[in-house]
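Undergrad: Chains as they are written, first to last, in my numbering: chain C, 4 to 586; chain Y, 2 to 191.
For each residue, glycine too, the CB sits at the ideal point set by N, CA and C.
Bear in mind that the values here come from a model prediction, so they are computed numbers and not experimental data.
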Ligand SMILES: Cc1ncc(C[n+]2csc(CCOP(=O)(O)OP(=O)(O)O)c2C)c(N)n1
């Protein structure tokens, strides 16, 4: 991946000139092309904030809670492809970032965290606001640093950005003791980074690409399973061309939604626990699966042996450890999806004859007809699926859809027409409730000209509701459409299906979110009747932009609605419930 | 099939590296039987020798997950390569005068050294492959082992081969091409 430095930096200090660690940090952030930082100040990070203040050109967003900063940086990164940056003080500030870092690493999102730390002389003494942040964040970062000397800073910062965005992207953290921020240094900002133990591979091995093409050509029932890696690698165009050239059906994972137009004739939609019946069937019966940028996680595969029992796998991934991790792979190809899909495309163009997969396509068509996505309309209540469909109808092609975690997330994934990469932000791997609002704010700040709508749950929204204050303070016009079922719906669904309706602690009775929003200074409206839904969404989209304010729609929906199809946990995917079973 | 694999890794000699590796093993549920760390011929690096139990799939993941860490420069699984393996143990054994000569004789058979002589105890130093070390310990057990310290195994590949010179897929220093490494670990479906 290329570096995102926008033109040569205009350093406040000439390279190698004497300045404080904190000043060197600001200089380095600017050299990396950083435009905006998300964070909260505090004792140990004060020198950095002071340097930020004195330098004056970097935008900083004060958040309500550091978790919000992490998700904002994450949302910013998912939209732009450039690392999002968060700042926090030592101890509680840094520990508040942990959920956000874990969210980012699970979805391979490039973010850089700078945390203050107590002075080096106090480290290990249980000093005030000391936490072992390096230790705590080791498992939730791609790499992390605890700096001991200001001279290490320019280099560590350049490495952090390089690591965050190259190879398999991910979060990187720098823990910066207060005395290191204050100490003088003349170490220059390096222009290039080279790490002996880190050499990601981009081009696929020609021999493996050759093998993959051979296997593909001899296949009778091929499917592409395309994940979030396609989006990270900016390889959607190559994917579309390859699929169209060979008429290969494409299944897009939750993280991959938008990597291939979901309304394309060749798209089979989403796989897995709440995937389409036809995607599940196609993966089960295929004899060749071209996996690209997906880690085949348990929500996709279900019972491993029954996921794709006849399939040979070709697996393209930039991270070799993902290949063969869950399923045996026939042709592993280590590298970046873009050049590798490009090479496959080129190879396939040279074929004299196209394989005849018409019988397979007929079968896929039959499954499509047999298992359509759908729900029973009711005249007196709004159904959650209708909320998604209305949002889909009203948004333009450039819009960004964000979600919380739960039923509403799955309905959004099922009923929204994803056409473009970097237009769907969801916490897929960690499943972090509370991701939605802050990620939406980060997204809108990254792309002010694009519509940003967060479809949220009443439970999820409550977890980071404080960021409404942030959106109001900076006048960030995002629309939050709360699919309010007055309960922790996804868990309630499991209780209904598998715990004989014992609804243990899932009834929420949340506060009136429209009024809460108004108290924060945002716009809010409650929506109850089906006929109010469209006008309310139109109002929200219009007024948010007109007044440059966030809008919260508290949409009351039928709490009994369940997400279907659904694969009961522990069962083979093909045993999915369609909802017509009378469960 | 589960085997005990000797894994050799060259890692940056920096603070926190051991914690990162140990944490990764714990988090992923990999089983380390022993771990030995020490400096190498080059002061920038340490060599870690890990004895890891698991089947082929697990071991493939162990090598890949180790390689993924930024501070890990090279990794190799030496299970199938000819290698020299050594372990050192210090055994403080109960040695009243009546049994002392028997113990010293035993140590002699194992080419172990008596490195400390006390009124009631002897400390014996033994080195060799793990089998030999274990055998001597078992022989000494009936006399009463007061304390025992073992280093864990250290390993080098025999001959021309450089011990941690492969299996890191992206490293430019690799001996084989990355795909060849992969092919050796590839499993053909059904
Ligand atoms: C931080 C966090 N805590 C708990 C969970 C477990 N969990 C998954 S879905 C869910 C319910 C979500 O409720 P809500 O946001 O209202 O969405 P709904 O399912 O009702 O659409 C819960 C509690 C989680 N994913 N994340």
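Just to make sure I have the definition right: I need the residues of chain C whose C-beta is within less than 9 Å of the C-beta of residue 42(Y). Which are they?
TA: Per Cβ cutoff of 9 Å: no residues; residue 42(Y) is ~16 Å from chain C at best.
Undergrad: If we define contact as Cβ-Cβ less than 7 Å, is residue 200(C) a contact residue for chain Y?
TA: It does: the Cβ of residue 200(C) has a partner Cβ on chain Y nearer than 7 Å.
Undergrad: Do residue 24(C) and residue 183(C) have their CB atoms nearer than 7 Å?
TA: Yes; because the gap between Cβ atoms is below 7 Å, this pair is in contact.
Undergrad: Counting only Cβ-Cβ distances shorter than 9 Å, please list the residues of the segment 69-82 of chain Y near chain C, keeping chain order.
TA: If the cut-off is 9 Å between Cβ atoms, the segment 69-82 of chain Y has 69, 70, 71, 72, 73, 74 and 75 near chain C.
Undergrad: Does any CB atom of chain C fall closer than 7 Å to the CB of residue 170(Y)?
TA: Here residue 170(Y) scores only 40 on pLDDT, less than 50, and its place in the model should not be relied on; the value that follows carries that caveat. True, the Cβ-Cβ gap to chain C drops below 7 Å.
Undergrad: Does the distance between the C-beta of residue 463(C) and the nearest non-hydrogen atom of ligand 1 fall short of 6 Å?
TA: Yes, ligand 1 has a heavy atom inside 6 Å of this Cβ.
Undergrad: Can you find a CB in chain Y that lies within less than 7 Å of the CB of residue 239(C)?
TA: No - not a single Cβ of chain Y is within 7 Å of the one on residue 239(C).
Undergrad: If you pair each beta-carbon of the segment 21-38 of chain Y with each one of the segment 59-73 of chain Y, do three or more pairs fall below 8 Å?
TA: Segments in contact, yes.
Undergrad: What three-state label does DSSP hand residue 457(C) in the structure shown?
TA: DSSP places residue 457(C) in strand when its eight states are reduced to three.
Undergrad: Can you give me the C-alpha to C-alpha distance between residue 448(C) and residue 479(C), rounded to a whole angstrom?
TA: The straight-line gap from Cα to Cα measures roughly 7 Å.
Undergrad: Any heavy atom of ligand 1 closer than 6 Å to the Cβ of residue 456(C)?
TA: No - ligand 1 has no heavy atom lying nearer than 6 Å to the Cβ of residue 456(C).
Undergrad: With a Cβ-Cβ cutoff of 7 Å, do residue 511(C) and residue 495(C) count as a contact?
TA: Result no, Cβ atoms of residue 511(C) and residue 495(C) do not sit closer than 7 Å.
Undergrad: How about residue 187(C): is its C-beta nearer than 7 Å to some C-beta of chain Y?
TA: Residue 187(C) does not count as touching chain Y.
Undergrad: What first and last residue would you give for the alpha helix (DSSP H) that runs through residue 74(C)?
TA: Residue 74(C) -> alpha helix (DSSP H) spans 69-83.
Undergrad: Taking DSSP as the reference, what is the three-state secondary structure of residue 343(C)?
TA: Helix, per DSSP.
Undergrad: Give me the residue from 336(C), 165(C) and 279(C) with the minimum Cα distance to residue 211(C).
TA: Considering only alpha carbons, the answer is 336(C).
Undergrad: So, residue 340(C) versus residue 238(C), is the Cβ gap smaller than 7 Å?
TA: Against a cut-off of 7 Å, the Cβ pair of residue 238(C) and residue 340(C) comes out as a contact.
Undergrad: Report whether the distance from the Cβ of residue 491(C) to the nearest heavy atom of ligand 1 is below 6 Å.
TA: Yes - ligand 1 has a heavy atom lying nearer than 6 Å to the Cβ of residue 491(C).
Undergrad: In the DSSP assignment, the beta strand (DSSP E) including residue 120(C) goes from what residue to what residue?
TA: First-last of the beta strand (DSSP E) with residue 120(C): 114-120.
Undergrad: Beta carbons nearer than 8 Å to chain C: which residues of the segment 28-53 of chain Y have them?
TA: So the close ones are 28.
Undergrad: Kindly examine ligand 2 and report whether one of its heavy atoms sits closer than 6 Å to the Cβ of residue 410(C).
TA: Looking for ligand 2 in the displayed structure turns up nothing; the ligands present are ligand 1.
Undergrad: Whole angstroms is fine: what's the gap from residue 279(C)'s alpha carbon to residue 457(C)'s?
TA: Approximately 23 Å between the Cα atoms of the pair.
Undergrad: For ligand 1, is there any heavy atom lying closer than 6 Å to the beta carbon of residue 59(C)?
TA: Not under cutoff, so the answer is no.
Undergrad: Any heavy atom of ligand 1 closer than 6 Å to the beta-carbon of residue 109(C)?
TA: Result no, Cβ not under 6 Å from ligand 1.
Undergrad: Helix, strand or coil for residue 65(Y), going by three-state DSSP, please let me know.
TA: In the structure shown, residue 65(Y) sits in a helix (DSSP, three-state: H, G or I).
Undergrad: Taking CB distances under 7 Å as the criterion, tell me whether residue 23(C) reaches chain Y.
TA: No, because no Cβ of chain Y sits closer than 7 Å to the Cβ of residue 23(C).
Undergrad: Mapping the DSSP letters down to three states, classify residue 42(Y) as helix, strand or coil.
TA: It is coil, neither helix nor strand.
Undergrad: Could you give the C-beta distance for residue 416(C) and residue 257(C), rounded to a whole number, given that I count them as a contact under 8 Å?
TA: Indeed they touch by this definition, with Cβ atoms about 6 Å apart.
Undergrad: Span of the beta strand (DSSP E) holding residue 147(Y)?
TA: Residue 147(Y) -> beta strand (DSSP E) spans 146-151.
Undergrad: When every heavy atom of ligand 1 is checked, does at least one fall within less than 6 Å of the C-beta of residue 494(C)?
TA: Yes, ligand 1 has a heavy atom inside 6 Å of this Cβ.
Undergrad: Against chain Y, which members of the segment 255-276 of chain C pass a CB distance test of less than 7 Å?
TA: Answer in chain order: no residues at all.
Undergrad: List, in order along the chain, the chain Y residues whose C-beta lies closer than 9 Å to that of residue 166(C)?
TA: Going along chain Y in sequence order, the residues near residue 166(C) (Cβ under 9 Å) are 71.
Undergrad: Rounded to the nearest angstrom, what separates residue 508(C) and residue 433(C) at their Cα positions?
TA: Cα-Cα distance, rounded: 22 Å.
Undergrad: By how many angstroms is the C-alpha of residue 312(C) removed from the C-alpha of residue 85(C)?
TA: So the alpha carbons of these two residues sit roughly 39 Å apart.
Undergrad: Can you check whether the CB of residue 226(C) is closer than 7 Å to the CB of residue 289(C)?
TA: Against a cut-off of 7 Å, the Cβ pair of residue 226(C) and residue 289(C) comes out as a contact.
Undergrad: Using a Cβ-based criterion (distance less than 6 Å to any ligand heavy atom), does residue 488(C) qualify as near ligand 1?
TA: Yes, the Cβ of residue 488(C) comes within 6 Å of a heavy atom of ligand 1.
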